[in-house]
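Down below is the structure, laid out as structure tokens.
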Amino acid sequence: DAGVIQSPRHEVTEMGQEVTLRCKPISGHDYLFWYRQTMMRGLELLIYFNNNVPIDDSGMPEDRFSAKMPNASFSTLKIQPSEPRDSAVYFCASSLVAGWGNTEAFFGQGTRLTVV
Amino acid sequence: GESVGLHLPTLSVQEGDNSIINCAYSNSASDYFIWYKQESGKGPQFIIDIRSNMDKRQGQRVTVLLNKTVKHLSLQIAATQPGDSAVYFCAETRHNAGNMLTFGGGTRLMVKP
Chain A
714 DAGVIQSPRH EVTEMGQEVT LRCKPISGHD YLFWYRQTMM RGLELLIYFN NNVPIDDSGM
774 PEDRFSAKMP NASFSTLKIQ PSEPRDSAVY FCASSLVAGW GNTEAFFGQG TRLTVV
Chain B
313 GESVGLHLPT LSVQEGDNSI INCAYSNSAS DYFIWYKQES GKGPQFIIDI RSNMDKRQGQ
373 RVTVLLNKTV KHLSLQIAAT QPGDSAVYFC AETRHNAGNM LTFGGGTRLM VKP
């Protein structure tokens, strides 16, 4: 398995534009997470899905952020409109079903977003 | 991934020495803990985990110690190598609370040759 695959690796966009980040989780994993990493706040959980259903989106900062998981092999995180303070590295991670020893999350390489 | 920057505590060790990285967790209900390593330009990578019914677990060159009384976790790296230079995060969760991990702020390990 190639691991969690994110695209694009880098995104530079102008303030006000829509940004879509993509993620392909590891096949067979039931959980998918979106994290944001910044210098000031570290790694923050934005939202996570279980079996394609959003379970907890309390970390989504504003209504400008939305996430979808239309099927088990694909998820998107969308920011519309984007703002400079959204600049960060966004990570997608996936893991197996909940339970002892299965909670390890595998992370993708991240998407570095710069909003100018 | 970005290195998490200027405000990270930093541990600087000589190559070949042992390293100890500490983490204080916040939720007394957490019962599963994981250490992650993040190298520059990459996502966090699993190192080792431990359940709350254990106080020590060993892997290859790494040992995790858990003290539930004071809610403290440590990662020991034996014979530290230049390739160990990275940011290290501890993460906590409850095994019956979905798989949601809460990450600590991270510690930067720098290995001097």
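Protein chains in written order, with the numbering used here: chain A, 714 to 829; chain B, 313 to 425. Glycine residues also receive a C-beta, built at the ideal position from the N, C-alpha and C atoms.
Here's a check: name, in chain order, each residue in its chain whose Cβ is nearer than 6 angstroms to the Cβ of residue i, leaving out the five neighbours to either side.
i	result
A:PHE778	ILE792
B:LYS349	GLN357, ILE359, ALA398, TYR400
B:PRO321	THR419
A:VAL830	Outside the displayed range of chain A (714 to 829) lies residue 830 of chain A, so it cannot be described from this structure.
B:SER324	MET422
A:ASP770	ILE760
B:LEU318	Any reading at B:LEU318 is ruled out, since the residue's pLDDT is 46, under 50, leaving its predicted position unreliable.
A:LEU790	LEU734, TRP747, ALA780
A:SER720	ARG735
Nearest by alpha-carbon distance to residue i: which of the options is it?
i	options	result
B:GLN388	B:GLN370, B:ASP343, B:ALA403	B:GLN370
A:SER788	A:VAL725, A:THR726, A:PHE746	A:PHE746
A:ILE760	A:GLY729, A:CYS805, A:ARG722, A:ARG825	A:CYS805
A:GLN750	A:VAL732, A:ALA785, A:ILE739, A:ASP799	A:ASP799
A:ALA715	A:MET753, A:THR733, A:ILE739, A:PRO721	A:ILE739
B:TYR344	B:ASN379, B:GLU351, B:GLY353	B:ASN379
B:ARG363	B:PHE415, B:SER342, B:MET412	B:SER342
A:ILE768	B:GLY416, B:MET412, B:GLY417	B:MET412
A:ALA785	A:SER720, A:THR733, A:LYS737, A:PRO721	A:LYS737
B:THR414	A:SER720, A:GLY755, A:LEU734, A:ARG735	A:GLY755
In this structure, what does DSSP give as the bridge partners for residue i?
i	result
A:GLY755	A:THR751
A:ASN763	A:TYR744, A:VAL766
B:ILE389	B:SER331, B:VAL374
B:ILE359	B:ILE359 is not bridged to any residue.
Output needed for residue i: all residues of its chain with C-beta closer than 7 angstroms, excluding positions within five of it in sequence on either side, in chain order.
i	result
B:ALA390	ASN330, ARG373
A:MET782	LEU745, PHE762, ASN765, SER788
B:PRO394	GLU327, VAL423, PRO425
B:ALA336	LYS383, HIS384
B:VAL316	Only weak support is given to the placement of B:VAL316: the predicted model assigns it a pLDDT of 37, under 50, and the value that follows is read from those uncertain coordinates. Answer for B:VAL316: VAL399, GLY418, listed in chain order.
B:GLU351	ALA398
To the nearest whole angstrom, what separates the beta carbons of residue i and residue j, a pair I think is in contact under 8 angstroms?
i	j	result
B:SER386	B:ASN334	5 angstroms
B:ASP361	B:LEU377	Rounded, the Cβ-Cβ distance is 13 angstroms, inconsistent with contact.
A:SER808	A:HIS742	6 angstroms
B:ALA403	B:ILE346	5 angstroms
A:GLY821	A:ILE718	6 angstroms
Please return the same chain residues whose Cβ sits closer than 8 angstroms to the Cβ of residue i, not counting the five positions on each side in sequence.
i	result
A:PRO794	MET728, GLY729, GLN730, GLU731, ARG777
A:VAL829	VAL725, THR726, GLU727, MET728, PRO797
B:ARG406	ASN339, ALA341, SER342, ASP343, TYR344
Meets three-Cβ-pair contact criterion under 8 angstroms: the segment 749-760 of chain A and the segment 768-782 of chain A: Enough Cβ pairs lie closer than 8 angstroms, so yes.
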